[in-house]
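Notes to accompany the following structure.
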Amino acid sequence: MYLNLRDKSVKRECSRCGTCCKKGGPILHLEDKTILLKGIVTHKDLVTLRKGEFVFNPLDEKIQKLTREVIKVDKKGEGWTCIFYNELESSCNIYENRFLECRILKCWDAEEFLRIFCKNTLTRFDMINSNDPVIEIIREHDKECPCDRFET
Numbered sequence: 002m003y004l005n006l007r008d009k010s011v012k013r014e015c016s017r018c019g020t021c022c023k024k025g026g027p028i029l030h031l032e033d034k035t036i037l038l039k040g041i042v043t044h045k046d047l048v049t050l051r052k053g054e055f056v057f058n059p060l061d062e063k064i065q066k067l068t069r070e071v072i073k074v075d076k077k078g079e080g081w082t083c084i085f086y087n088e089l090e091s092s093c094n095i096y097e098n099r100f101l102e103c104r105i106l107k108c109w110d111a112e113e114f115l116r117i118f119c120k121n122t123l124t125r126f127d128m129i130n131s132n133d134p135v136i137e138i139i140r141e142h143d144k145e146c147p148c149d150r151f152e153t
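With my numbering, the residue at position 29 of the sequence shown is 30, and numbering never jumps.
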């Protein structure tokens, strides 16, 4: 069962059930860069989903091709649970410094979340110094191995 963000009859306030955390970590937005700069979360905690990759869209509950690159918080093990979710305590290990999507997501009222979903998102280039030589390697890799050449 997936978290139905369009069903307003489910709840009226957060009960810290962890359902949203178990459905995957957030996509990072430009506002989240400050959390990364603080060093609370490192690149090892994140994953890049490249333009053209197939991903599960929790809003439509369908596999879709990404139309842009996004950075996402990684998952634990084989499931989709966010790596920062503490299942024993039903809490977030970085709650005081949680990301924008986590701060605004209300499973009982997704209006605010839907306004920002996949907008103003971070990419690898937002996280790397503009004169870092790795940028050219990334660009060459994207050119030689584009994800959007794959079909369903």
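Glycine included, each C-beta is placed from N, C-alpha and C at the ideal position.
Do residue j and residue i count as a contact pair if the criterion is CB distance below 9 angstroms?
{"i": "I72", "j": "V48", "result": "yes"}
{"i": "H30", "j": "N87", "result": "no"}
{"i": "C119", "j": "I36", "result": "no"}
{"i": "G154", "j": "D75", "result": "Since the displayed the chain opens at 2 and closes at 153, residue 154 lies outside it and no answer follows."}
{"i": "R99", "j": "F114", "result": "no"}
{"i": "I136", "j": "I117", "result": "no"}
Measuring only between beta-carbons, confirm whether residue i sits less than 9 angstroms from chain B.
{"i": "F100", "result": "In the displayed structure, chain B is absent; only one protein chain is listed."}
Using only the alpha-carbon positions, how far apart do residue i and residue j sit?
{"i": "T43", "j": "D110", "result": "30 angstroms"}
{"i": "S92", "j": "R69", "result": "31 angstroms"}
{"i": "W81", "j": "K24", "result": "6 angstroms"}
{"i": "L101", "j": "C146", "result": "31 angstroms"}
{"i": "E97", "j": "K52", "result": "31 angstroms"}
{"i": "Y3", "j": "P59", "result": "At Y3 the pLDDT is 48, less than 50, meaning the model places this residue with poor confidence; the figure from the coordinates comes in the next sentence. Distance between the alpha carbons of Y3 and P59 is about 7 angstroms."}
{"i": "D133", "j": "R125", "result": "12 angstroms"}
{"i": "E14", "j": "K45", "result": "32 angstroms"}
{"i": "L50", "j": "L67", "result": "8 angstroms"}
{"i": "K144", "j": "S16", "result": "45 angstroms"}
{"i": "T20", "j": "L123", "result": "24 angstroms"}
{"i": "C18", "j": "E141", "result": "43 angstroms"}
Tell me residue i's beta-bridge partners as DSSP assigns them.
{"i": "T49", "result": "I72"}
{"i": "V56", "result": "Q65"}
{"i": "I28", "result": "K73"}
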